[in-house]
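In the numbering used here, the protein residues as written are 530 to 602.
Accompanying notes for the structure given below.
Put into structure tokens, the structure is as follows:
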């Protein structure tokens, strides 16, 4: 019975995390500057568009590093 208990808690955890992540995506989508950060790579051709948000990746990495360091100590 404990295996089902653990599975239930795990599924509940991932469900809550997905809800939080969805809310974050909704809020971030309303910020106008996030699609045009310095360092973002945008290549547009006739039938091809490539976008890699390098600036956003670096920004998120720095923010998460700070958050994890705060909670670690």
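C-beta atoms are modelled at their ideal positions from N, C-alpha and C, and glycine is treated no differently.
When DSSP labels each residue in this structure, what does residue i get in the three-state scheme?
i, result
"residue 579", "strand"
"residue 560", "coil"
Leaving out five residues on either side along the sequence, give the residues of the same chain with a beta carbon under 6 angstroms from the beta carbon of residue i.
i, result
"residue 580", "571"
Grab the span of the beta strand (DSSP E) containing residue i for me, first residue to last.
i, result
"residue 566", "Premise fails: residue 566 is in no beta strand (DSSP E) and is neither H nor E."
Considering only residues of the same chain and omitting the five flanking positions on each side of residue i, which have a CB-CB separation below 7 angstroms?
i, result
"residue 583", "568, 569, 570"
"residue 557", "563"
"residue 595", "none"
What is the rounded straight-line gap between the Cα of residue i and the Cα of residue j?
i, j, result
"residue 549", "residue 559", "16 angstroms"
"residue 539", "residue 531", "12 angstroms"
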